[in-house]
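Protein chains in written order, with our numbering: chain E, 1 to 155; chain C, 1001 to 1383; chain S, 2001 to 2171; chain L, 3001 to 3390.
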């Protein structure tokens, strides 16, 4: 398309980066949700009366009707594996030898994405009941990582 | 107000795994020149408005919008960016023309995926920063969990998903634009390394560089400029729940709604009877099946079986991704939807070469913006 | 509507709310690394800089010489006709005396960014660079300047192969 | 033929804050809920959603339109995010306009959000990457450079003094003292305060610049037949225009924003405006820096080149002047959560034309107003003209 030619000594690529450094607030609802994990070891949801849905994690608004959700309910710390994957890939795309077990755990009408542990892969199936394992209270920081992982409920 | 809108020119450059000899601007320019020549127009004189689809972190530039006009012939013209897929761009051009304020509108999308050295980490920055990102997971985990739930709910099998890879990469061998043509077997696909079980590494579209430009026109302008306008019969787009915590894992209701919107405009009630050729998003192999079911090509759980039976093959009853799809042509990031639409345009114009289908009068293109999004679009075109 | 509303939503925070742990938050950082293909025009520009030349390109239709060089003229949308080696002298089109870093920390000696119209390019066609070897209060729009290059062996094919532009002493 | 007419029927906004506790989703929801309540509509009444938000770097989320979509009310709806850098806040209503004018939708939400405090330690860092990655970024330019370079060129070309320009900052920060959402309103600020504030990048001092902010604004658009059922005071979108200049910003004269003129001419033509200075009653031009307001008034053809600073000196652009400019308090006073700040200007025109701007209400029952934003590398103009008549 070009009449101009590329200088044979032209460098192929110019290297650079996007330096994105961030600080995120947990938000109005996140504050409630993560304080409950941190201080009480509880998982909170937010019921929307109009839609008949209990969102988990707790949120400030119903995405379906935009009502404000100012109530919270304790939904317990045991949920069902709704789906899961064995992740053989690191964050940077390199292959892992041993997979991480990641699941979506149903709680209320929502749930949490988290890792599973203390589990035999043979036992792993959709519908399995799992419970949250919390860090010791003194080490919790009000983060999703205050839950170390979920594990099968002892039968 | 112009009710009807047509695509009257298309141009492309790429698609290749790498394109080191040209900058993104030069790649786009090549596609633009071809599209304008195809439409028989001069962008400086004739075009009323320009639409680009792009995302900052993909380009490595904040406010990437800045760098759009020069290589499109769009300087000092109405230009804007849609942070969406190429089909969102097409829908935007469609709307602009229907207002009656614009008669010729250009849509552009490009990928320089090869220039992003840390794409998985950039993609992970699309995860919720508070709820999900602290887990430090490669975003493909979402695809693995979706695929697992999709198979659980519909009874689809790993073999059926792998059959999509076999078909699409085989189709790509008959498409000179496609860099990833291959003659594989289902076993070869399934015995590849695991990625996010049940998803295997061979079931994920590899990235490619490329650029696509399309020229859209009002009915009056289309009839005066083009011998073979491709009419936009309907276009729909929709978002689902962005949160992983409130979405459906086995289904894609947003694609379903986008399709309903497009069918309603096109007056189509029985897609399998009305449509001759389909291009759907196949970023991950299972997505082709899930998307076919969502656009009501068949009932939930049937798409895999139909694939295995050859129903979706080029010589099948209703061919899907004759182009090779993203598995065969490469994942062009947000230009992927334009690649799907381009194949429909070429098929409807009878210009698809070796892979030309016999009876191609109405075609459908569908896109998805990739994990972790719940954003997709559908466009239906007719000759 | 605003006249009817007393209370607008929003919860302003003080920086101390973070440092004192009154609210929950987290830090993160993206690893975004890129290798942008330089292509024809900019690749040739960088190669020329390495040899101590500022390269432009010429559009015969518009009778314009532009810098940096590109392969298409953005005004007539015709391919550019030729490369043009420009001079390494020019005129200050505009400048600033910048006393802060990007994150608004103060610096003592100002940086002096400028747009410099390059000799040999069409009027008003310049590049952004910095000025040096000049007192801040002596900088003026219209001032004549010349590029100060890195030693040849240190150049790498980058805009920083020019260290800065310095005033041309008259006479 | 005949184009479908589009009206603004509701608006809502959050406070503009230096740092908000709310997430970006929550800010978007707050503004959106308020806008819906303002016209007694529910989310079910909305057919599509348009989002405007500036660089992903600010909120520090990749694909942030997708991330914000639920807060914007897009669950299960057609949703798109438009983007023209700093011009986005006035572009998003244009996007909403073409959604409705196309005939595809009757009711659309237009939401603009920015949470700049998420880019930490300083939001200006997001601007390091707006320059060309290969030919400019290696010089490590910061955002102030490009404004200072443009301001200097503007002042030099027309012989304008810093005092002339500082009056704009004073006017807007004083106006903002009456805005309940304002971050930097100050009824007592003087020209000396501006001139004596910290020198950042000559000729730019700290009080010449609008503050980094978090916030969100939402408006509701409706087609004519629907608008009249929703409210008896719809405000009509009469004209829209936008234009993007070359990315080679060092290859043109920064003294005049021709892209704003192109955008304005497009909007004037659509609105049938032949004499903008007589036919436009209130103006909300983009004022991230004080000189920018002047620059933009000239590009909008509302002042002769180099003469815009005189409008403040003569009192013309004061709230009770002949052509009030930034009666809201503008970005300089209310704050500058980029895209939200642009849409705040559109909301201000909406409230002013309905006579609902409270303490900020301009006298004389204005009939027509113009909002404008600017963005990119001194490059894009976006213009919306609104009036009480269709």
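For glycine and all other residues, C-beta sits at the position ideal for the given N, C-alpha and C. A quick note: this is a predicted structure, and the numbers were derived from the prediction, not measured.
Query	Result
Examine chain L for any beta-carbon lying closer than 9 Å to the beta-carbon of residue 2055(S), and answer yes or no.	no
Looking at chain C, is there any beta carbon in it that lies within less than 9 Å of the beta carbon of residue 155(E)?	no
Determine whether the Cβ of residue 3122(L) lies closer than 9 Å to any Cβ atom of chain C.	no
So with CB distances below 8 Å, who are the chain L contacts of residue 2126(S)?	3250 and 3251
Whose C-beta lies closer than 7 Å to the C-beta of residue 1342(C) among residues of the same chain, with five residues either side of it excluded?	1010, 1012 and 1212
For the beta strand (DSSP E) that contains residue 1249(C), what are its first and last residues?	No beta strand (DSSP E) contains residue 1249(C), which DSSP labels as neither H nor E.
So with Cβ pairs under 9 Å, would you call residue 3095(L) a contact of chain C?	yes
Under 6 Å Cβ to Cβ from residue 1003(C), same chain only, skipping five residues before and after it: list those, please.	none
Going by beta-carbon coordinates alone, are residue 3053(L) and residue 3068(L) separated by less than 9 Å?	yes
Per the contact definition of three or more C-beta pairs closer than 8 Å, is the segment 1115-1129 of chain C in contact with the segment 1250-1259 of chain C?	no
Going by CA-CA distance only, name the one from 1214(C), 1044(C), 1024(C) and 1246(C) that's closest to residue 112(E).	1246(C)
Among the residues of its own chain, which have a CB less than 7 Å from the CB of residue 3144(L), if the five just before and after it don't count?	3200, 3201 and 3204
9 Å is my cut-off, CB to CB: does residue 3236(L) come that close to chain S?	no
Which term fits residue 155(E), buried or exposed, when burial requires 16 or more other beta carbons within 10 angstroms of its beta carbon?	exposed
Thinking residue 1202(C) and residue 1252(C) are a contact (beta carbons under 8 Å), I'd like their distance in whole angstroms, please.	Not really, about 22 Å apart at Cβ, beyond 8 Å.
For residue 1215(C), which residues in the same chain have their Cβ closer than 6 Å to its Cβ, ignoring the five residues on either side in sequence?	1008, 1009, 1035, 1039 and 1106
Checking contacts by CB at 9 Å: is residue 37(E) closer than that to chain C?	no
In terms of residues, what are the limits of the alpha helix (DSSP H) holding residue 1257(C)?	1253-1266
Going by DSSP, what residue range makes up the alpha helix (DSSP H) through residue 1034(C)?	1024-1039
Please look up how many angstroms separate the CB atoms of residue 54(E) and residue 75(E), rounded, as I've assumed it's under 8 Å.	7 Å
Please return the same chain residues whose Cβ sits closer than 6 Å to the Cβ of residue 3117(L), not counting the five positions on each side in sequence.	3019 and 3214
Where does the unbroken alpha helix (DSSP H) through residue 1272(C) begin, and where does it stop?	1271-1274
Should residue 2082(S) go down as buried or exposed, given a rule of 16 or more other Cβ atoms within 10 Å for buried?	exposed
Given this structure, state the Cα-to-Cα distance separating residue 3251(L) from residue 2101(S), to the nearest angstrom.	26 Å
What span of residues does the alpha helix (DSSP H) with residue 1148(C) cover, start to end?	1140-1154
Chain E partners of residue 3129(L), CB-CB under 7 Å?	18
Does the Cβ-Cβ distance between residue 3255(L) and residue 2096(S) come in under 9 Å?	no
Short of 8 Å Cβ to Cβ, which residues in the segment 3055-3075 of chain L face chain E?	3057, 3060, 3070, 3071, 3073 and 3075
Would residue 2020(S) be called buried (16 or more neighbouring beta carbons within 10 Å of its own) or exposed?	exposed
Evaluate contact between the segment 1062-1078 of chain C and the segment 3374-3385 of chain L, counting only Cβ atoms and requiring at least three cross-stretch pairs below 8 Å.	yes
Can you find a C-beta in chain S that's less than 9 Å from the C-beta of residue 1107(C)?	no
I'd like to check one pair, residue 1321(C) with residue 1207(C): are the Cβ atoms closer than 9 Å?	no
What residues in its chain sit with their C-beta under 8 Å from that of residue 1028(C), if we drop five residues either side in the sequence?	1013, 1071, 1072, 1108, 1110, 1211 and 1213
Alpha carbon to alpha carbon, how far is residue 8(E) from residue 14(E)?	16 Å
By DSSP, does residue 2044(S) sit in helix, in strand, or in coil?	helix
Residue range of the beta strand (DSSP E) that residue 2058(S) falls in?	2054-2059
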